[in-house]
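Read the structure below first, then the notes.
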Amino acid sequence: MREFLCESVFFGVALSILAYEAGIFLKKKLRLAIFNPLLVAVAAVMVFLLLTGVDYESYEAGAEKLSYLLTPATVCLAIPLYEQIGLLKHHAKAIMAGLISGVLTSLISILGMAAVFGLSHEEYVTLLPKSITTAIGMGVSQELGGVVTITVAVIIVTGILGNVIAEPVCRLFKIQEPVAKGVAIGSAAHAIGTAKAMEMGEIEGAMSSLSIAVAGLLTVLGASVFANFL
Amino acid sequence: MKYIKQFAIILTVSFLGEALRALLPLPVPASIYGLLLMLLALCTGILPLEAVRETGRFLIEIMPLMFIPAAVGLLESWDRISPIVVELIVVTAVSTVLVMALSGRVTQWVIRKENKKTGRGKEEKAQ
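Chains Y and X are the protein sequences, given in the same order. Here the working numbering is used: the first residue of the first sequence is 87, the next is one more, and so on. Here the working numbering is used: the first residue of the second sequence is 1302, the next is one more, and so on.
Printed below as a string of structure tokens:
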């Protein structure tokens, strides 16, 4: 059984999609933010792999077909962005102000907590790009001498966390303007957060998509400066 | 046929993004170059919206699925994470909430200030 699963071509993708569907079902039934379909799917796949003894490489050999679509899907984020381009131009100043303060908040809060916890320089620069999209974050971490595998892990956890808490945080801090919600989610939780912003609305999704790109590029600049501070 | 053509266009733009990444020495991934190229093509009218809309929407809708394999990969890096796991969780949770709250509030503050100036505040609040 285990060997068959390890060699199967369709097992990885099928398991991932079924787990995600189960997550959607749970969310509909229970209506709790913690039953986020992505979170449920990731946890379910992990448990399944641990129980059956199928190793990650075998799962990934099939499941990577899903990751393959990530670049084309990210490219397509330009579509909602284009549809909201008028709004984007109209609020350009507010959006830039939000993104710059978001990137600075990220870098300053990581610096502060790294100092409090007494993290090493290597651990600190590993965390610096945690709020931006994986592909840019990996590059930043590598450039600054961080541990890339940990950076990737932290970026993914950040994204899933942002996806789960986006709605409660917007409610708690009274962020009501759709443009502001989009900027908040995109700058804090990159593409995984944007998936949630897309569900919240067209404007939220478009602004979140924009924020992935701009916050990512601002962080490249900011992180190279902040790397000198600890 | 429509979907095949749309998918072909999207993959071509992705490929051009990859090419830009190979040509330019910046730490920018192919997907971001592709996003900018797609936006440029739509804004200039080189690509009409109809050329990519349905397939694009489908890809965006299934996007969360694409993060599952990488996230499950956390299992693999557990050995490197476990020694500093508490610090990582605290830093991640606190900074994510702070960034989301602050960037959202600042954006909203500037929008509302501008609305007040142009006297459009009331209409927007009513929505």
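Think of the CB as a built atom: it goes at the ideal place given N, C-alpha and C, for glycine as much as any other residue. Values in this document were obtained by computation on a predicted structure and should not be read as measured data.
**Asked** Count the other CB atoms within 10 Å of the CB of methionine 1302 (chain X); is the residue buried (16 or more) or exposed (fewer)?
**Response** exposed
**Backbone secondary structure at asparagine 122 (chain Y) - three-state DSSP** = coil
**Prompt:** What is the rounded straight-line gap between the Cα of threonine 1345 (chain X) and the Cα of serine 297 (chain Y)?
**Reply:** 22 Å
**Request:** Quick one: list the residues of chain Y neighbouring glutamate 1388 (chain X), beta-carbon separation under 7 Å, in chain order.
**Result:** Phe203, Leu205
**Asked** Which class does lysine 267 (chain Y) belong to by DSSP, given the choice of helix, strand or coil?
**Response** helix
**Message:** Using beta carbons (cut-off 8 Å, strictly below), is lysine 113 (chain Y) in contact with chain X?
**Reply:** no
**Item:** As assigned by DSSP and simplified to three states, the class of aspartate 141 (chain Y)
**Value:** coil
**Message:** Short of 8 Å Cβ to Cβ, which residues in the stretch 156 to 184 of chain Y face chain X?
**Reply:** Leu156, Thr157, Pro158, Ala159, Thr160, Val161, Cys162, Leu163, Ala164, Ile165, Pro166, Leu167, Tyr168, Glu169, Ile171, His177, Lys179, Ala180, Ile181, Ala183, Gly184
**Request:** Quick one: give me the first and last residue of the alpha helix (DSSP H) that serine 310 (chain Y) is part of.
**Result:** 288 to 312
**Asked** CA-CA distance, glutamate 1424 (chain X) and asparagine 1416 (chain X)?
**Response** Its pLDDT being 49, under 50, glutamate 1424 (chain X) is placed unreliably in this model, and the value from its coordinates should be taken loosely. Cα to Cα, glutamate 1424 (chain X) sits roughly 9 Å from asparagine 1416 (chain X).
**Asked** Looking at alanine 130 (chain Y) and alanine 78 (chain Y), is the spacing between their C-beta atoms short of 8 Å?
**Response** Because chain Y in this structure spans residues 87 to 316, residue 78 (chain Y) falls outside the shown range and cannot be described.
**Prompt:** What residues of chain Y sit near methionine 1364 (chain X), judged by a beta carbon separation below 9 Å?
**Reply:** Leu155, Leu156, Ala159, Thr160, Cys162, Leu163, Ala277, Ile278, Thr280, Ala281, Met284
**Item:** Whole runs of the alpha helix (DSSP H) within the stretch 197 to 263 of chain Y, excluding any shorter than 4 residues
**Value:** 207 to 213, 220 to 230, 234 to 258
**Item:** Close Cβ partners of serine 1332 (chain X) (< 8 Å) along its chain, the five nearest in sequence each way excluded
**Value:** Ser1315, Gly1318
**Residues within the stretch 1392 to 1414 of chain X neighbouring chain Y, beta-carbon criterion of under 7 Å** = Val1392, Thr1393, Ala1394, Val1395, Ser1396, Thr1397, Val1398, Leu1399, Val1400, Met1401, Ala1402, Leu1403, Ser1404, Gly1405, Arg1406, Val1407, Thr1408, Gln1409, Val1411, Ile1412
**Item:** Cβ neighbour criterion (16 or more within 10 Å) applied to methionine 1401 (chain X)
**Value:** buried
**Prompt:** chain Y beta carbons: is any one of them nearer than 8 Å to that of serine 1383 (chain X)?
**Reply:** no
**Asked** Given a limit of 8 Å on CB to CB distance, which residues of the stretch 227 to 242 of chain Y reach chain X?
**Response** Glu229, Val233, Thr235, Ile236, Val238, Ala239, Val240, Ile242
**Prompt:** If we count the other Cβ atoms within 10 Å of its Cβ and call it buried at 16 or more, is leucine 1336 (chain X) buried or exposed?
**Reply:** buried
**Message:** Are the CB atoms of glycine 279 (chain Y) and glycine 302 (chain Y) within a distance shorter than 8 Å?
**Reply:** no
**Message:** Using beta carbons (cut-off 8 Å, strictly below), is glutamate 146 (chain Y) in contact with chain X?
**Reply:** yes
**Message:** If you reduce the DSSP assignment to three classes, tell me which class glutamate 1424 (chain X) lands in.
**Reply:** Note that glutamate 1424 (chain X) scores 49 on pLDDT, short of 50, meaning its location in the model is unreliable; the coordinates nonetheless yield the value given after this. Glutamate 1424 (chain X) falls in the helix class under three-state DSSP.
**Request:** Measuring only between beta-carbons, confirm whether isoleucine 1311 (chain X) sits less than 8 Å from chain Y.
**Result:** yes
**Asked** Is the CB of glycine 248 (chain Y) under 8 Å away from at least one CB in chain X?
**Response** yes
**Prompt:** Of the choices Y:Glu229, Y:Val300, Y:Val269, whose alpha-carbon is the least far from that of methionine 286 (chain Y)?
**Reply:** Y:Val269
**Request:** Can you pull the chain X residues whose beta carbon is under 7 Å from the beta carbon of glycine 287 (chain Y), in chain order?
**Result:** Simply none; closest approach about 12 Å.
**Asked** Taking Cβ to Cβ, would you say valine 1353 (chain X) is nearer than 8 Å to isoleucine 1311 (chain X)?
**Response** yes
**Item:** chain X within 8 Å of glutamate 150 (chain Y), Cβ atoms only
**Value:** yes
**Asked** If you count every other CB in all the chains shown that lies within 10 Å of the CB of tyrosine 1334 (chain X), and 16 or more means buried, which is it?
**Response** buried
**Message:** Taking the alpha carbon of alanine 266 (chain Y) as the reference point, which residue from Y:Gly232, Y:Leu174, Y:Ile241, Y:Thr305 has its own alpha carbon closest?
**Reply:** Y:Leu174
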